[in-house]
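What follows is a single structure, written as structure tokens, with notes after it.
Numbering (this note's numbering), first residue to last: -14 to 467.
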């Protein structure tokens, strides 16, 4: 923390606006290059994820589609960062409980990183190596006991207890000072101050020091100093509250109450590790082996540990709050970039989701009439559900896995059920063609299987409720045998 006078928000805002206006051209060029790079890298990641990198080079010529693609990929990256930063914010909440002692917050942040890391380790062990993870309340209780006992041991065995005590006393003094400052000011005489100090027997040493201070100056000169009078009143109240037996008990209760909230924040931080862990699991696209659990556990611990870095950068860096916030935001931006570089499957999963939102990839099958390049004997009939239409063209049943500009990749309908990590092993059977050479036909309604409203082309609403409730399964399960 810097001793220089703090800057106001308006000063920082004006300074940054001037910088932006001065270097506007450089910022524009840099952001344009960055967006173009993100578009190329993300598009290559998607084609690599589906196992068809041969479609990458023909696709990058479509600049208009690339702009919309970059926007959706950036939204996916933003949601990825938000899910990763949940534990970051919760960890910062546990440190912000000590806001009244800002100079000690770096030590507090490093100290609280220990129980948080132990909570992450417990969560990872229960997820990957325990047979009954969250099958009952026992796992949640185990996580709560682990984090609470770790915080309690740190409170008892380390100098962290002094920091907790200092925070409680400082908070108490500040609250009393604000309470007294809100009341109308009355100048106490030195006799009244001495009388208040004599009430408590435990304050004899403080009384001697205060009397020595009084003798060095004239009482009338002291009465003219309003700030010193405020200090005297606060001193009287603080000594009375914290030196009496009742005050000590109250202070201990406040310390325990503060530690309870710290333990609760650490517990919730370890509990919300489920979100980054699920992202790590979903980004694993390799084949599952006997070593998969160990690999995912180590990657999850690495991801969870990285989520604490922005908070540590904010509280441990020097400078005013704006400079520390800048370092924290930079760390929050660099952290997911490093994680994406370590786990390439994360970017593949993000681009796979973005492709579904931009209709680059469809989640349903359609009827397509191919061009003259394909004949009936070129395709597998049961796989593509082929038939010959007018002009001896071939009609197939397929879904769009990649449609970018004029580039089109059609895959058989049975591949819709496959996950991303299984899809890349079957895309060699897909058809690569152009949108200009393919005619898309509307889906035919199969009567007798699905009831359709005339003019609405949708199933009755009560059929949907029966499907949601699985009414047919319940009837079969609870049917009475005759």
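For glycine and all other residues, C-beta sits at the position ideal for the given N, C-alpha and C.
Outcome for residue i when other beta-carbon atoms lying within 10 angstroms are tallied against a minimum of 16
i, result
"residue 413", "exposed"
"residue 366", "exposed"
"residue 369", "buried"
"residue 11", "exposed"
"residue 280", "exposed"
"residue 330", "buried"
"residue 65", "buried"
"residue 125", "exposed"
"residue 377", "exposed"
"residue 325", "buried"
"residue 63", "exposed"
"residue 355", "buried"
Rounded straight-line distance, which links the Cα of residue j to that of residue i
i, j, result
"residue 332", "residue 422", "31 Å"
"residue 392", "residue 307", "48 Å"
"residue 388", "residue 344", "8 Å"
"residue 84", "residue 300", "11 Å"
"residue 73", "residue 358", "55 Å"
"residue 122", "residue 347", "40 Å"
"residue 242", "residue 113", "34 Å"
"residue 271", "residue 256", "27 Å"
"residue 77", "residue 233", "29 Å"
"residue 375", "residue 427", "16 Å"
"residue 373", "residue 50", "33 Å"
"residue 249", "residue 105", "14 Å"
"residue 44", "residue 273", "32 Å"
"residue 334", "residue 420", "25 Å"
"residue 407", "residue 266", "15 Å"
Nearest candidate by alpha-carbon position, reference residue i, set the options
i, options, result
"residue 394", "25, 5, 41 and 9", "41"
"residue 340", "100, 27 and 5", "27"
"residue 30", "415, 419 and 405", "405"
"residue -7", "380, 402 and 305", "305"
"residue 319", "272, 70 and 234", "70"
"residue 127", "149, 356, 111 and 276", "111"
"residue 352", "396, 9 and 137", "396"
"residue 20", "66, 57, 377 and 129", "57"
"residue 313", "321, 322 and 297", "297"
"residue 321", "303, 264 and -2", "264"
6 Å Cβ shell around residue i - same chain, five flanking residues per side excluded
i, result
"residue 215", "Low per-residue confidence applies at residue 215: pLDDT is 49, beneath 50, and the placement is therefore not dependable enough to give any value."
"residue 418", "393"
"residue 416", "395"
"residue 278", "113"
Distance CB(residue i)-CB(residue j) smaller than 7 Å
i, j, result
"residue 24", "residue 55", "yes"
"residue 80", "residue 98", "no"
"residue 252", "residue 424", "no"
"residue 254", "residue 101", "yes"
"residue 289", "residue 259", "no"
"residue 295", "residue 310", "no"
"residue 36", "residue 409", "yes"
"residue 361", "residue 379", "yes"
"residue 142", "residue 246", "no"
"residue 328", "residue 268", "yes"
"residue 262", "residue 285", "yes"
"residue 86", "residue 135", "no"
"residue 147", "residue 140", "no"
Sequence-distant residues of the same chain with beta carbon closer than 7 Å to residue i, five excluded per side
i, result
"residue 398", "350, 382, 383 and 384"
"residue 47", "389 and 390"
"residue 338", "61"
"residue 153", "236, 239, 240 and 243"
"residue 91", "300 and 301"
"residue 3", "none"
Minimum Cβ-Cβ distance from residue i to chain C less than 7 Å
i, result
"residue 51", "Of the protein chains in the structure, only one exists, and it is not chain C."
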